[in-house]
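Chemist:
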Amino acid sequence: MDVVDAVVILLHPILGFSLAIWLYRQWKTMKVLKTKKGILWSKIQNKKRSEIVKEHEKSGKKSLLFVFIVIFFAIVADTYRHFILDVELTSLFSLHGWLGLILAIFIFMMYKSGSKMVKERDEGASIKQTKGFHARIGDFLVWLLVAVVFLGFLRLLDILQ
-11 MDVVDAVVIL
-1 LHPILGFSLA
9 IWLYRQWKTM
19 KVLKTKKGIL
29 WSKIQNKKRS
39 EIVKEHEKSG
49 KKSLLFVFIV
59 IFFAIVADTY
69 RHFILDVELT
79 SLFSLHGWLG
89 LILAIFIFMM
99 YKSGSKMVKE
109 RDEGASIKQT
119 KGFHARIGDF
129 LVWLLVAVVF
139 LGFLRLLDIL
149 Q
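Per my numbering: the sequence shown = residues -11 to 149.
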């Protein structure tokens, strides 16, 4: 495997892991606002709640772009492996990939419910139901994220052999 092969193959895992950390921090920040405990709380306790929520919203708006970039590089890497490295088409499909697509769908749902919550808040309507839905999806998303990252690590080890 030469340098170009390594760069093409490793770009998706590096970007994916960065996205996973970023999504986890998004989720953890909102959890800490409720519990007011932990190391993260000591870092944000001097900020106004509205500032933290605005930062969360601003970051959330970027989430779809980041997810599509990670998926794009996964497709590029698999295409490269198939056409340049002569990997069989059947070996390109994996549980990691399917769960990654499900994760992308849940991130899209998070994006939509977050946008809906902002719209409802700006209109003066109650956001309680949407906020609950958004929080539950976020909790599930974190567990799915852990599974995708773990399976991705195993898949990377398999690919690099």
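Ideal Cβ positions, reconstructed from N, Cα and C, are used throughout, including at glycine.
For glycine 102, report the span of its alpha helix (DSSP H) as first-last.
Modeler: Start and end: 83 to 111.
Chemist: Quick one: grab the DSSP three-state call for serine 51.
Modeler: Residue state, collapsed to three classes: helix.
Chemist: Return yes when the Cβ of valine 136 is within less than 8 Å of the Cβ of leucine 87, no when it is not.
Modeler: Yes, the pair counts as a contact, with Cβ atoms nearer than the cut-off.
Chemist: Since I believe isoleucine 40 is in contact with leucine 52 (beta carbons under 8 Å), could you give me their beta-carbon distance rounded to a whole number of angstroms?
Modeler: No, leucine 52 and isoleucine 40 are not in contact; Cβ-Cβ is about 21 Å, not under 8 Å.
Chemist: Specify, as a first and last residue, the run of the alpha helix (DSSP H) that threonine 78 falls within.
Modeler: Here threonine 78 belongs to no alpha helix (DSSP H), and DSSP marks it neither H nor E.
Chemist: Please list, in chain order, all residues of the same chain as alanine 65 whose beta carbon is under 8 Å from its beta carbon, the five residues on each side excluded.
Modeler: Within the same chain, alanine 65 has close Cβ partners Val(-4), Ile(-3), Leu(-1) and His0.
Chemist: Look at the Cβ atom of leucine 132, then the Cβ atom of leucine 91, and state whether they are nearer than 8 Å.
Modeler: Yes, the Cβ-Cβ distance between leucine 132 and leucine 91 is below 8 Å.
Chemist: Between which two residues does the alpha helix (DSSP H) holding serine 6 run?
Modeler: Unbroken alpha helix (DSSP H) run through serine 6: -9 to 23.
Chemist: According to DSSP, is glycine 26 helix, strand or coil?
Modeler: Residue state, collapsed to three classes: coil.
Chemist: Under the rule that 16 or more other beta-carbon atoms within 10 Å means buried, what is phenylalanine 61, buried or exposed?
Modeler: Phenylalanine 61 should be labelled buried.
Chemist: Go ahead and pull the three-state DSSP assignment for glutamine 117.
Modeler: Three-state DSSP puts glutamine 117 in a helix.
Chemist: Can you tell me whether DSSP reads lysine 36 as helix, strand or coil?
Modeler: Looking at lysine 36 - three-state DSSP - the assignment turns out to be coil, as it is neither helix nor strand.
Chemist: Could you work out which residue in Val75, Phe121 and Leu3 is closest to aspartate 146 when comparing CA atoms only?
Modeler: With distances taken between Cα atoms, aspartate 146 lies closest to Val75.
Chemist: Can you tell me whether glycine 120 is buried or exposed, with buried defined as 16 or more other CB within 10 angstroms of its CB?
Modeler: Counting Cβ neighbours within 10 Å, glycine 120 comes out exposed, since fewer than 16 surround it.
Chemist: From this set, Phe138, Val58 and Leu80, which residue's C-alpha is nearest tyrosine 68's C-alpha?
Modeler: That would be Leu80, whose Cα lies nearest to the Cα of tyrosine 68.
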